[in-house]
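Peer 1: Here's a structure for you.
2 protein chains.
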Amino acid sequence: MHSYLEPHEWKLVERGFEAENLERSEALFSIGNGHMGQRANFEEDYSGPTLRGSYVAGVYYPDKTRVGWWKNGYPEYFAKVLNSVNWIGIRVGVHGENLDLNRVEVSDFVRELDFRDALLSRQAVVRMHNGSRLSLSAKRFVSMARPEIGAIEYRITALDRSLNLELEPYLDFDVRNKDSNYDEGFWEGLDAQVGSQKAVLSARTRKLDFRVAAAFRFDLTLDGKPLTVYPETVQQSMYVSNRIQAEVPAGKTLILTKYVSVLSSLDHAPETLLKQADERASEARRVGFEALLEEHKDRWAQKWELGDIRIEGDVKAQQGIRYSIFQLHQTYTGEDERLNIGPKGFTGEKYGGSTYWDTEAYCLPFYLGTAEPKVARQLLTYRFKHLTKAIENAAKLGFHRGAALYPMVTMNGEECHNEWEITFEEIHRNGAVAFAVYNYLRHTQDSAYLLEGGIEVLVGIARFWAQRVHWSEKRGAFVMHGVTGPNEYENNVNNNWYTSYIACWCLHYAGSAIDIASGLDTRKTQDILEKLGFDAAGERGRWKHICAHLWLPEDAEGGIFIQNEGFLDKELIPAAQLPPAERPINQHWSWDRILRSCYIKQADVLQGVYLFEEDFDRGQMERNFDFYEPLTVHESSLSPCVHSILAARIGRIDKAYELYLRTARLDLDDYNHEVAEGLHITSMAGSWMSVVQGFGGMRWEGADMILEPALPSAWKAYAFHLKFRSAVLEVSVTQAGVEVRHRSGGAVAFRLFDRAQTLETGGVLHHSFT
Amino acid sequence: MHSYLEPHEWKLVERGFEAENLERSEALFSIGNGHMGQRANFEEDYSGPTLRGSYVAGVYYPDKTRVGWWKNGYPEYFAKVLNSVNWIGIRVGVHGENLDLNRVEVSDFVRELDFRDALLSRQAVVRMHNGSRLSLSAKRFVSMARPEIGAIEYRITALDRSLNLELEPYLDFDVRNKDSNYDEGFWEGLDAQVGSQKAVLSARTRKLDFRVAAAFRFDLTLDGKPLTVYPETVQQSMYVSNRIQAEVPAGKTLILTKYVSVLSSLDHAPETLLKQADERASEARRVGFEALLEEHKDRWAQKWELGDIRIEGDVKAQQGIRYSIFQLHQTYTGEDERLNIGPKGFTGEKYGGSTYWDTEAYCLPFYLGTAEPKVARQLLTYRFKHLTKAIENAAKLGFHRGAALYPMVTMNGEECHNEWEITFEEIHRNGAVAFAVYNYLRHTQDSAYLLEGGIEVLVGIARFWAQRVHWSEKRGAFVMHGVTGPNEYENNVNNNWYTSYIACWCLHYAGSAIDIASGLDTRKTQDILEKLGFDAAGERGRWKHICAHLWLPEDAEGGIFIQNEGFLDKELIPAAQLPPAERPINQHWSWDRILRSCYIKQADVLQGVYLFEEDFDRGQMERNFDFYEPLTVHESSLSPCVHSILAARIGRIDKAYELYLRTARLDLDDYNHEVAEGLHITSMAGSWMSVVQGFGGMRWEGADMILEPALPSAWKAYAFHLKFRSAVLEVSVTQAGVEVRHRSGGAVAFRLFDRAQTLETGGVLHHSFT
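The structure is reproduced here in structure tokens:
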């Protein structure tokens with residue numbers, strides 16, 4: 014563990030400046046508002062190792078792919094999130110010496126990120142080489158109320174003697190992606206304009222011609238009074254700034270407040286971009302820092318009201334879960350159907366900022382439970398808009414007649430990933446996209462979605478599965494060859510139980526969904542199916558036939574589902590027996606050894622047992638958990654949460670708690686020594702699931718939601734909010750029992766343990782543990 | 014088919030100049046002598062598409078590898094053959110206009126490559142833009158008698174009027190590999206010296222510091238008389254030349270004879286390289302073109318005497334087989350144990366010029382049957398010298414205690430290839446290396462080799478297999494997971510029959526070999542085993558135990574061996590039913606589709622049936638052939654020959670002939686539209702095997718060699734020479750029967766059909782077909 018951070022219920026706090034932690038903190042203290050995100054880089058120059066990162070949602074680059082040996086079907090491009098304009102920059106000179114925390118003496122350094130209001134602040138006392146001492150304080154936020162606005166309040170106090178300062182607020186588009194495959198620059202400068210205390214700069218991306226414009230305004234005060242300056246202006250094709258000279262008397266404070274707008278051509282006509290950027294920055298300045306911050310805080314308060322989780326008696330667990338919720342909201346707000354949740358959000362470049370099945374399998378439940386339904390629905394719409402590309406992806410592999418294969422990794426619906434065993438074979442992702450529709454419907458009861466994209470997506474996916482299986486004469490069954498399950502430590506296997514199970518479920522649910530949609534609007538449903546060229550009798554008949562005869566490997570003797578053909582032929586040695594020096598195995602073992610071992614990267618059979626829980630009895634859950642969990646090395650950040658939930662479900666609360674700890678503070682404690690590259694945003698949703706679905710015991714039987722909370726022995730109490738249908742419920746769990754309070758919204762029905770209940774606003778239910 | 018070449022029994026002949034055929038001809042007319050090789054580029058400049066290629070055996074470059082996603086165990090470098098000094102170059106100006114066959118009018122173009130003497134010649138009549146007409150004639154060879162020497166006779170005859178010529182013989186090291194991964198130059202110039210009618214140039218390779226020096230001398234005659242010239246000299250760091258002006262009267266001929274030496278630091282101390290190169294070129298000039306050519310021809314005559322194949326009544330088949338034999342001898346002579354046979358020899362860059370299992374499985378039998386035993390033995394020594402690296406390769410994957418895994422692709426013993434399913438899994442190659450020892454021993458009876466490397470290699474390989482299998486409780490057997498057989502259209506499968514079978518054979522043979530060696534020299538054998546830390550009882554016990562319990566998948570019902578687990582679950586549709594437009598499938602289908610299909614790239618189960626023929630009865634051979642051959646798409650150049658041999662073995666001579674045609678003229682007819690990249694050298698050995706082992710019916714029962722020839726109906730007769738133990742046999746087959754004549758060497762015993770025979774020099778045997 015590398016916890017240089019202080020435990021705190023509502024904040025990240027870093028005290029003392031250690032350069033070696035810098036890149037980690039840059040990721041951990043990232044701020045974002047769904048539209049844009051910014052690593053916690055310093056405003057002033059920093060000459061040590063740093064990853065400056067500023068990202069605008071939806072602005073990506075189709076980087077030329079890099080492969081060793083080409084396989085037919087591979088995509089040519091790997092889309093990646095673009096490191097965009099450096100808008101935070103304020104260069105500082107003190108008596109001609111550049112302020113650079115890597116080169117000066119720093120004391121009393123404190124950095125804080127408050128989850129309640131998403132405000133990043135930093136203080137330090139600095140002694141320059143030239144002997145000058147100053148106190149530095151910087152605050153910034155990207156507005157949740159005005160997504161295109163960021164604001165910085167940057168204070169310098171002269172400590173011992175008066176300081177001659179040069180300040181240079183700037184915008185810089187000359188930025189590169191560290192993960193560029195061929196060391197190419199992705200931006201080209203367009204326009205630059207600079208005036209006194211204002212500047213605007215725009216650039217376009219190569220290939221796709223995304224345009225981004227940024228503008229700033231700033232104010233200066235000295236000792237609380239406005240300071241009039243006559244800046245020197247700098248204007249280059251990729252860089253604009255103002256240079257200001259100011260004398261700060263000893264004990265006095267200079268405050269530079271920088272108001273920045275960052276706009277993209279996703280939201281504005283390219284020709285108006287520059288002007289709009291300028292106007293928004295100007296408007297932000299008129300509103301002022303404090304008022305901007307207030308409206309920003311209001312939005313955050315609403316988010317916390319909908320979805321806070323409170324844990325008593327375990328401040329680190331409290332910090333971990335709130336941090337997870339906080340970062341998820343920073344990454345995705347559901348305002349824009351073109352956006353999604355990159356595994357690292359706006360906190361780093363790795364994994365290209367693209368969309369993975371993480372969204373449907375992990376993030377969707379979080380947004381369903383903590384936000385208005387429209388947020389989750391945007392995630393469904395995102396995939397619906399990509400349906401044409403999904404059909405193209407499938408066609409590239411040889412599928413036809415509207416079969417859709419959603420990509421493993423994507424920005425615009427096209428597959429980006431190039432590892433045949435993943436790209437072509439880890440097709441269970443297609444099931445997750447279908448399951449998300451089902452999950453959304455049961456949670457929100459918004460069945461109308463089926464008529465607004467759901468049916469098309471479900472039919473496309475079902476058609477894929479119907480073509481992906483084939484009849485085995487030998488077995489007298491349909492089989493599914495050449496797949497990789499969620500456990501990526503097995504590649505190109507036959508009859509992966511999870512993939513086949515979810516395929517079968519998709520075929521079944523696509524049929525049910527057509528019936529549901531028909532029930533809502535027969536005519537419209539017929540129109541949709543006609544447009545799809547759907548052969549109702551033939552296709553549905555074949556789907557049923559496949560479901561009835563699909564091979565699902567089971568071990569009758571052990572009473573378990575078999576992960577894939579051949580798995581039981583392995584040497585089965587519990588992971589606990591592995592020498593600690595060889596963990597994680599993906600850093601110590603050859604790929605050959607990993608593949609042939611029995612070790613499981615993340616839930617595979619158990620992913621299915623988790624998703625389709627109601628299909629299995631307790632004995633089945635226990636036997637599969639007891640067989641597979643000990644073989645699981647949890648080397649994906651997505652692994653522990655599912656196991657934690659299942660452990661809770663079968664009454665192993667201590668095991669559930671142990672596994673919960675592996676997920677909830679993954680980044681805060683930097684378990685995998687990689688947080689500097691960016692946060693594990695999508696797995697943070699797994700932490701939320703571990704509490705709500707695991708300890709909170711939220712589960713489903715058909716359309717009925719059930720709550721069966723339990724309390725880990727390490728906690729005194731915990732409580733979570735749950736957006737459920739039209740209501741916000743607050744579930745509080747203590748040693749004594751459970752209280753469910755209807756906080757707002759309409760009446761909702763659910764089950765608390767074995768009793769059906771209906772609650773209205775203000776209503777409270779109690780369940781005693783004794 | 015793209016046969017722009019004339020059929021001829023002993024030559025390649027290209028008549029007429031078509032620029033579109035240029036790169037193909039550059040590969041097809043390549044010359045080489047084991048030490049160096051040269052594509053058939055023109056001596057003068059050529060501005061059209063061309064791949065200039067000059068290669069020095071053993072001089073390679075460890076190019077930085079390129080992968081999409083790194084897997085633990087991958088090598089960092091991909092060694093590739095280096096395009097080396099352009100030594101053939103003669104720039105020609107005619108009245109100031111550069112002679113460039115891409116820009117002038119060419120007529121009466123004839124290019125010939127004579128297999129008997131490996132002499133490349135070319136003639137053309139040229140009209141320059143400036144109206145000058147000349148006749149051009151060039152001959153060159155790289156000496157089989159003096160491997161470091163190449164000689165060029167370059168003639169220009171002035172046709173209509175006298176010509177003012179500028180000739181510039183040069184050496185140029187500023188060459189690049191077209192297949193460089195990162196567009197880097199691999200050479201750095203060292204020394205350059207130029208004098209009158211002489212020059213010498215040396216360079217070193219980056220990273221590995223190989224040094225190569227080249228030198229030239231030249232003579233000029235005009236109308237048969239020596240011409241005295243005063244050349245202008247050009248000396249740059251990577252380029253040296255002489256520029257000569259000469260007036261050639263109408264009807265007269267100017268001859269420039271260029272003598273070149275190309276030496277490398279593999280054979281000379283770096284400090285003497287330059288001087289030696291200069292001396293060798295000088296010496297070659299003293300000997301003269303005709304005398305050099307005579308001694309070169311003598312060496313070739315010996316090669317043909319040992320290993321010619323004569324086919325009557327089928328000139329294209331005759332040309333194909335002689336071309337194959339010819340190119341194999343050009344590529345490898347067995348003079349140097351550090352060298353091996355790259356799949357493209359000296360004819361292109363693709364596949365890096367590295368060593369593959371092709372050598373042991375295909376080339377070794379050819380050299381055993383057509384050359385002195387020392388040639389084949391060098392190939393064994395090559396692998397023995399790489400044993401330490403093979404042990405390192407295995408260690409990188411997690412194996413230990415001296416287990417050796419020979420690489421899939423290598424230059425110096427280190428693995429170069431980076432596709433996990435090949436690098437880590439196509440491990441049957443290890444079996445081929447062991448089998449080569451066995452094959453060498455039974456053919457030559459040189460059992461002493463076991464004491465000079467054989468035992469170490471066999472024990473290292475056996476140790477690998479013993480660790481690579483594991484015990485399956487479920488099956489009560491040893492199993493081998495995660496392999497790719499020779500059929501690379503199946504990846505990461507379990508219990509590939511061929512791999513398991515050859516593994517078992519290796520374990521068995523390593524034990525036998527130890528016994529044989531002990532019988533020869535107990536003390537020395539003990540010393541070797543002690544050095545290996547060999548636990549005789551423990552290890553041999555375990556080997557036997559594994560062999561006795563290794564899972565070999567069989568289908569009792571169909572009486573066939575199963576290629577790998579799950580194969581019989583596939584949809585089994587004969588390749589003949591594939592739409593022709595979709596062939597070859599590797600160009601038309603996604604990798605996903607290929608993997609899940611039943612189609613077989615090259616012999617897999619049948620590779621085992623071929624190698625271990627004597628273990629199976631005729632029924633087994635027939636059933637497996639009838640099951641697998643129809644599913645085989647022969648998309649490896651190594652595929653048809655094995656099938657042709659097996660077809661012959663089970664009496665399907667017409668099928669054998671059909672498959673033989675697919676291999677013997679693969680490059681001459683450019684079946685795969687890729688000959689421009691280089692020839693398929695290693696599969697040429699398969700053509701030889703198809704005749705000798707297929708139609709010729711050469712096979713083994715234990716240590717007994719058996720000949721059972723048959724005659725394809727398309728041929729009137731055929732005859733082959735066979736180096737067998739100390740003898741050279743000539744086997745002639747006509748419609749009437751078979752004649753075996755002992756041409757030279759000591760008495761040898763073998764079986765002709767079912768009769769044991771012993772032949773001495775001059776002895777003849779007859780077998781009548783009627």
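Listed in order, the protein sequences are those of chains A and B.
This note's numbering puts the first residue of the first sequence at 14, with every later residue one more than the last.
This note's numbering puts the first residue of the second sequence at 14, with every later residue one more than the last.
Where a beta carbon is used, it is the ideal one built from N, C-alpha and C, also for glycine.
1. Alpha carbon to alpha carbon, how far is Ser531/B from Lys537/B? Give it in angstroms, no decimals.
2. For Thr512/B, which three-state DSSP category applies?
3. In terms of alpha-carbon separation, which member of Tyr502/B, Lys668/B, Val155/B and Tyr395/B lies closest to Asn599/B?
4. Can you find a C-beta in chain B that's less than 7 Å from the C-beta of Asn353/A?
5. Spell out whether any CB of chain A is found under 7 Å from the CB atom of Asn507/B.
6. Can you give me the start and stop residues for the beta strand (DSSP E) that Leu233/B sits inside?
7. Trp370/B CB to nearest chain A CB: under 7 Å?
8. Mind pulling the chain A residues with CB within less than 9 Å of Leu608/B?
9. When the Cα atoms are used, what is the spatial distance from Leu454/B to Val388/B?
10. May I ask you to list, following chain order, the residues of the region 561 to 573 of chain A that have a beta carbon less than 8 Å from some beta carbon of chain B?
11. Does the beta carbon of Trp604/A sit closer than 7 Å to a beta carbon anywhere in chain B?
12. Does the beta carbon of Asp617/B sit closer than 7 Å to a beta carbon anywhere in chain A?
13. Return the CA-CA distance between Gln3/A and Pro88/B, expressed in angstroms with no decimal places.
14. I need the boundaries of the alpha helix (DSSP H) containing Ile851/A, first residue and last residue.
15. How about Gly411/A and Cys519/A: do their beta carbons lie closer than 7 Å?
16. For Gln340/A, which residues from the same chain have a beta carbon less than 7 Å from its beta carbon, with the 5 sequence-adjacent residues on both sides left out?
17. Looking at chain B, which residues of the region 395 to 420 of chain A have a Cβ within less than 7 Å of any of its Cβ atoms?
18. As a quick exercise: from Val655/B, Ala92/B and Glu752/B, pick the residue whose alpha carbon is nearest that of Glu362/B.
19. Using a Cβ-Cβ distance cut-off of 7 Å, determine whether Trp82/A contacts chain B.
20. With the cut-off set at 7 Å, would you say Leu235/B and Leu267/B are in Cβ contact?
21. Below 8 Å CB to CB, which residues in the same chain sit around Ile334/B once its five sequence neighbours on both sides are set aside?
22. Pick from Glu19/B, Asn406/B, Gln633/B and Pro160/B: whose alpha carbon is nearest that of Gly572/B?
23. For Glu36/A, which option in Glu22/A, Pro20/A, Gly61/A and Glu56/A has the closest C-alpha, if you only look at C-alpha atoms?
24. Return helix, strand or coil for Thr783/A, following the three-state DSSP convention.
25. Cβ of Ala228/B within 7 Å of Cβ of Ala290/B?
26. I want to see whether chain A comes within less than 7 Å of His483/B, judged by CB atoms only; does it?
27. Taking the alpha-carbon of Arg217/B as reference, which of Lys211/B, Val225/B and Gln210/B has the nearest alpha-carbon?
28. Let's see if you can read the secondary structure: which residues bound the alpha helix (DSSP H) around Phe397/A?
29. Mark Pro587/A as exposed unless 16 or more other C-beta atoms lie within 10 angstroms of its C-beta, in which case mark it buried.
30. In this structure, how does DSSP classify Leu178/A when only helix, strand and coil are distinguished?
31. For my contact list, Leu644/A and Ile607/A are in at a C-beta cut-off of 8 Å; report their separation, rounded to the angstrom.
32. Looking at chain A, is there any beta carbon in it that lies within less than 7 Å of the beta carbon of Lys487/B?
33. Just to confirm, is the Cβ distance from Glu56/A to Ile103/A under 7 Å?
34. By Cβ distance below 7 Å, which residues in the same chain neighbour Met14/B in space, the five residues on each side in sequence not counted?
35. Would you kindly work out how many angstroms separate the C-alpha atoms of Asp639/B and Ala330/B, rounded to a whole number?
Peer 2: By the coordinates alone:
1. 8 Å
2. helix
3. Tyr502/B
4. no
5. yes
6. Arg224 to Leu235
7. no
8. Trp433, Phe437, Glu438, His494, Gly495 and Asn505
9. 13 Å
10. none
11. yes
12. no
13. With chain A running from 14 to 783 in the structure shown, residue 3/A is simply not present.
14. Residue 851/A is absent from the model: chain A starts at 14 and stops at 783.
15. no
16. Gly358, Leu692, Ile694 and Met697
17. Lys409, Leu410 and Gly411
18. Ala92/B
19. yes
20. yes
21. Ile322, Ile324, Ala677, Ser700, Trp701 and Val704
22. Gln633/B
23. Gly61/A
24. coil
25. yes
26. yes
27. Val225/B
28. Pro386 to Lys398
29. exposed
30. strand
31. About 13 Å separates the two Cβ atoms, so there is no contact after all.
32. yes
33. yes
34. Note that Met14/B has pLDDT 41, beneath the 50 cutoff, so the model's placement of it is unreliable and the number below is only indicative. Taken in chain order, the residues that qualify are Asp682.
35. 26 Å
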